[in-house]
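Visitor: There's a structure below that I have some questions on.
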Amino acid sequence: MTYGNFYQEQARRARELNKEENAVKLLLLGFSGMTATELYINYQKPIPDEVRIKTLEAIEKYLHENIPVQYLLGYTHFFGLKLSVRKGVLIPRPETEELVERVLAEIQGREAPRIIDIGTGSGAIALAIKKHRSDALVTATDISPVALEVARENAGNLGLDISFLESDLFEKVTGKYHVLVSNPPYIGFDEEIDPLVSENEPSLALYAPDGGLGLYKEILCRARDVLFESNLIAFEIPENKGELLLALAKEHFPEGEMEIVNDLNGLPRILLIRNNWRKQ
Numbered sequence: 233m234t235y236g237n238f239y240q241e242q243a244r245r246a247r248e249l250n251k252e253e254n255a256v257k258l259l260l261l262g263f264s265g266m267t268a269t270e271l272y273i274n275y276q277k278p279i280p281d282e283v284r285i286k287t288l289e290a291i292e293k294y295l296h297e298n299i300p301v302q303y304l305l306g307y308t309h310f311f312g313l314k315l316s317v318r319k320g321v322l323i324p325r326p327e328t329e330e331l332v333e334r335v336l337a338e339i340q341g342r343e344a345p346r347i348i349d350i351g352t353g354s355g356a357i358a359l360a361i362k363k364h365r366s367d368a369l370v371t372a373t374d375i376s377p378v379a380l381e382v383a384r385e386n387a388g389n390l391g392l393d394i395s396f397l398e399s400d401l402f403e404k405v406t407g408k409y410h411v412l413v414s415n416p417p418y419i420g421f422d423e424e425i426d427p428l429v430s431e432n433e434p435s436l437a438l439y440a441p442d443g444g445l446g447l448y449k450e451i452l453c454r455a456r457d458v459l460f461e462s463n464l465i466a467f468e469i470p471e472n473k474g475e476l477l478l479a480l481a482k483e484h485f486p487e488g489e490m491e492i493v494n495d496l497n498g499l500p501r502i503l504l505i506r507n508n509w510r511k512q
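Just so you know, we're using this note's numbering here: the sequence shown kicks off at 233 and counts up by one.
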């Protein structure tokens, strides 16, 4: 059986079950160790039994056990970084890369900015910022020891120096920071989401009280305690709660300069709160 025969057969199975055809491709690439270009070049060549068997086992789990591709591979890519992920840790999303881009733009020209990432998960945001700003002093917190174990593993694999804290929001945070960045849980308990997400990813990293606004409220209420007078707060936000969060931010930072940034799909995705903050 060739790579092409195998892929076409498994892609057909995915289509018949209304599953993502691209998942089959990602699993085949992952277990063969090929790039998409290399797969194209080797399309008519025989697929080794070991690659076929391992890929097929993973495809079965994706198709019939509804397990995300990233967990099956054990990694994902985020902002050019290869990050380990596993059950119990939120899978970083491509749209969160836009939050990293905005923070990097905002801190351009500032020397050794102190940055805190609240609810770091796999460490994606903190590590991406540190990778592109080696002078930044980055602290990353999470309430989950499983998430922090993975985040530390990722930092070690990437050779990036991050301070990690197992902390419920600001509970164990000391010192002051120039930037607070966070992608907190923002799904309300009564909201329906894709079973692929709800059945696999940690509920602690997905759901929040008060219709999904609870963690934003807590962070905004206590943020001044850990921020310098000149500071930036950068949130990822749900597309359907932008105006509510804008009003909430104005309650806590009436003097702040607010900006909601749309993502590449034109949907509200980022809330920036600038307090005596100017790009340098």
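Built from N, CA and C at the ideal position, the CB exists for glycine as well. These figures come from a predicted structure and were not determined experimentally.
#1: Answer yes or no: the CB of S462 versus the heavy atoms of the ligand MG, is any distance below 7 Å?
#2: Look up L503 in the DSSP assignment and say whether it is helix, strand or coil.
#3: Which residue wins for smallest C-alpha separation from T352, given the options H410, L380, R342, L336?
#4: Using C-beta distances below 7 Å, list every residue in its chain close to A387, excluding the 5 sequence neighbours before and after it, in chain order.
#5: With H, G and I counted as helix, E and B as strand and the rest as coil, what does DSSP make of E433?
#6: Around the C-beta of Q340, are 16 or more other C-beta atoms found within 10 angstroms, so that it is buried, or is it exposed?
#7: Please state whether DSSP places L459 in a helix, a strand or coil.
#8: Expressed to the nearest angstrom, what Euclidean distance is found between the alpha-carbon atoms of E343 and H309?
#9: In three-state terms, what does DSSP make of D281?
#10: Quick one: complete beta strand (DSSP E) runs, 3+ long, within the stretch 307-344?
#11: Drop a sphere of 10 angstroms on the beta-carbon of H296, count the other beta-carbons inside from all chains shown, and report buried for 16 or more, exposed for fewer.
#12: Can you tell me whether Q276 is buried or exposed? The criterion is at least 16 other CB atoms within 10 Å of its CB, across all chains shown.
#13: What are the boundary residues of the beta strand (DSSP E) that includes L412?
#14: In whole angstroms, what separates the C-alpha of R284 from that of V301?
#15: Just the Cα atoms here: how many angstroms apart are E487 and T406?
#16: Between the Cα of G444 and those of V335, F421, G320, spot the shortest distance and give me the residue it belongs to.
#17: Let me make sure I understand the geometry here. Which of H364, E471, R506 has the alpha-carbon closest to that of N415?
#18: Between the alpha carbons of L428 and L459, how many angstroms are there, rounded?
#19: By the 10 Å Cβ neighbour count, where 16 or more other Cβ atoms means buried, how is A479 classified, buried or exposed?
#20: When the Cα atoms are used, what is the spatial distance from N389 to E241?
#21: Can you list, in chain order, the residues of its chain with a C-beta nearer than 6 Å to that of K473? Leave out the 5 residues immediately preceding and following it.
Guide: Looking at the coordinates:
#1: Although the ligand MG was asked about, the structure shown includes no ligands whatsoever.
#2: The answer is strand: DSSP assigns L503 an E or B state.
#3: The shortest C-alpha separation from T352 is found at L380.
#4: Here the set comprises G355, L359, I394.
#5: E433 carries a coil assignment under DSSP once its states are collapsed to helix, strand and coil.
#6: Around the beta carbon of Q340, a 10 Å sphere encloses fewer than 16 other beta carbons of the protein chains shown; the residue is thus reported as exposed.
#7: In the three-state scheme derived from DSSP, where H, G and I count as helix and E and B as strand, L459 is classed as strand.
#8: One alpha carbon belongs to E343, the other to H309, and they sit about 28 Å apart.
#9: It is helical.
#10: Counting only runs of 3 or more, we get 307-310, 313-316.
#11: Looking at its Cβ environment, which holds fewer than 16 other Cβ atoms inside 10 Å, H296 is exposed.
#12: Taking every protein chain shown into account, the CB of Q276 has fewer than 16 other CB atoms within 10 angstroms, so this residue is exposed.
#13: Where L412 is concerned, the enclosing beta strand (DSSP E) stretches over 409-414.
#14: Cα to Cα, R284 sits roughly 16 Å from V301.
#15: If I take the Cα positions, the gap works out to 25 Å.
#16: If we check each option's Cα against that of G444, F421 comes out closest.
#17: Taking only the C-alpha atoms, the option nearest N415 is E471.
#18: Looking at the two C-alpha atoms, the distance is approximately 37 Å.
#19: Exposed: under 16 other Cβ atoms inside 10 Å.
#20: Between N389 and E241, the C-alpha separation is close to 36 Å.
#21: Taken in chain order, the list of residues that qualify is empty.
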